[in-house]
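Residue numbering for the sequence shown is -28 to -1, 1 to 339, as defined by mature numbering (1 follows the signal peptide of the UniProt record, and there is no 0).
In this text, a Cβ means the ideal position worked out from N, Cα and C, and glycines have one as well.
Keep in mind the model is a prediction, meaning the values are calculated, not measured.
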Amino acid sequence: MKTRKTFPAVALAAVVALLLSACSPGVAAPADQSAAPTPAKPSSASAAPGAVNALTLKGPAEAATVPDVTPAVQNPRPALPVTVQDASGRSVTVTSTDRLLALDLYGTLTDTVVGLGLEKHLVGRSNADTQKVLKNLPVVTQGGHDLNTEAVLQLRPSLVLTNTTIGSEDKYRQLESAGVTVVRFKQPQGLDGIGKTIDAVGRALGLSQAAHTLAQRTDADLAKARTRISELKAATPTAPRGAVLYIRGTAGVFFILGRDYGAADVIDALGLKDVAAENGITQLKPANAEALVSLDPEIVLAMKDGVQSTGGVDGLVKRPGMAATTAGANKRIITAADGQLLSYGPRTPANLIALAEAIYTDGSGAK
């Protein structure tokens, strides 16, 4: 299992600034197109009903929206105050969870809060938080990845949880200066690190036992998801070449996501060949024409809202270089809700199954 490094603290805000201020190609090293296809990982599983050879499929597909997390405990009673050492190395004392904000680019922390039974304590959300239980909460992010500190302060949160993938460190210091308690977390180190993140969030909320229960359940669900994916991909003889693109058409943002941004773990779990890794892409790479043609993915994974922001699938394939890729020519674009695609939390097992069904079935919704 590949592991990803902690998401850089500058997140995408600095990258957007880089894109707008520089137009250098940033081309990845060309892949060896003469190399033989990578065989799919051996599996003793029989193909699932409805599974087909993914390499023969054409057209876009959307991963099913997965349900909200079922709380591991009802009516939790946090044991507060509690003092924890957060990812910054500082000791932080939490005295109240009455008014919560959980902020990260992929919805991981919010899913964990919901899984611990504190969804009614949340007073706001980010654009990545697509859970039905949170749909009426005010959004405190700008452009999907930046933090509106004024909007946050208007909500009077007693506690903010973050892994700094949304907003800069300076903005979190502004919140602390205004009297808001902020606890920073590391990102999960790959899929197998999800349980540790759940435990860390639980400790900060005074719900260690509930977190342990949720982490164990998530680990068990992840094992089941891997079995299910093995069955779905059994009908595909070689691993399709896959890449994850981060798109925000309205802001001119178009990137190939590398290992350090969580893409490799998802690609690996889905049984795809990681063409970004093969080309040495570990962080973000501008998805210009030459880079896309060099990678030549057969399947592209992307966030649904991002694709819509660039004019849908038709708009995406009109981007320079996209139509020259196998995925672009076949319009083989697999989308998922923004809070699903790269979320590393309690919903990850269901997210992976939904993506695998979109990749390895013909739309019949194999169950």
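Check: Could you work out which residue in D118, K245 and V285 is closest to P269 when comparing CA atoms only?; Outcome: K245
Check: Is E270 helix, strand or coil by DSSP?; Outcome: coil
Check: Roughly how many angstroms separate the alpha carbons of T136 and T169, rounded to a whole number?; Outcome: 14 Å
Check: By Cβ distance below 7 Å, which residues in the same chain neighbour V279 in space, the five residues on each side in sequence not counted?; Outcome: I219, V285, L288, I305 and T307
Check: What does the Cβ neighbour count give for N47, buried or exposed, with the cut at 16 atoms within 10 Å?; Outcome: exposed
Check: How far does the alpha helix (DSSP H) with Q46 in it extend, from its first residue to its last?; Outcome: Here Q46 belongs to no alpha helix (DSSP H), and DSSP marks it neither H nor E.
Check: Taking DSSP as the reference, what is the three-state secondary structure of A(-1)?; Outcome: Reliability fails at A(-1), whose pLDDT of 33 lies under 50, so the model's placement of it is uncertain and the value that follows must be treated cautiously. Of the three classes helix, strand and coil, the one that applies to A(-1) here is coil, per DSSP.
Check: Is the beta carbon of A183 sitting closer than 8 Å to the one on V54?; Outcome: no
Check: What do you reckon, are the CB atoms on L73 and V124 nearer than 8 Å?; Outcome: yes
Check: Please classify A59: does DSSP put it in a helix, a strand, or coil?; Outcome: coil
Check: According to DSSP, what are the bridge partners of K158?; Outcome: DSSP output for K158 lists no bridge partner at all.
Check: How close, in whole Å, do the beta carbons of V111 and D40 come, if the pair is a contact with beta carbons under 8 Å?; Outcome: In fact, because the Cβ distance is near 18 Å, the residues do not count as touching under 8 Å.
Check: Classify D164: buried if its beta carbon has 16 or more other beta carbons within 10 angstroms, exposed otherwise.; Outcome: exposed
Check: Taking the DSSP output, what are the residues bridged to residue 340?; Outcome: Coverage of the chain is limited to positions -28 through 339, which leaves residue 340 absent and any answer about it impossible.
Check: Note down, in chain order, each residue of its chain lying with its Cβ closer than 6 Å to the Cβ of L324, except the 5 sequence neighbours on either side.; Outcome: A197 and A241
Check: Considering only C-alpha positions, which residue in the set A249, L194, S130 and T80 is nearest to A235?; Outcome: A249
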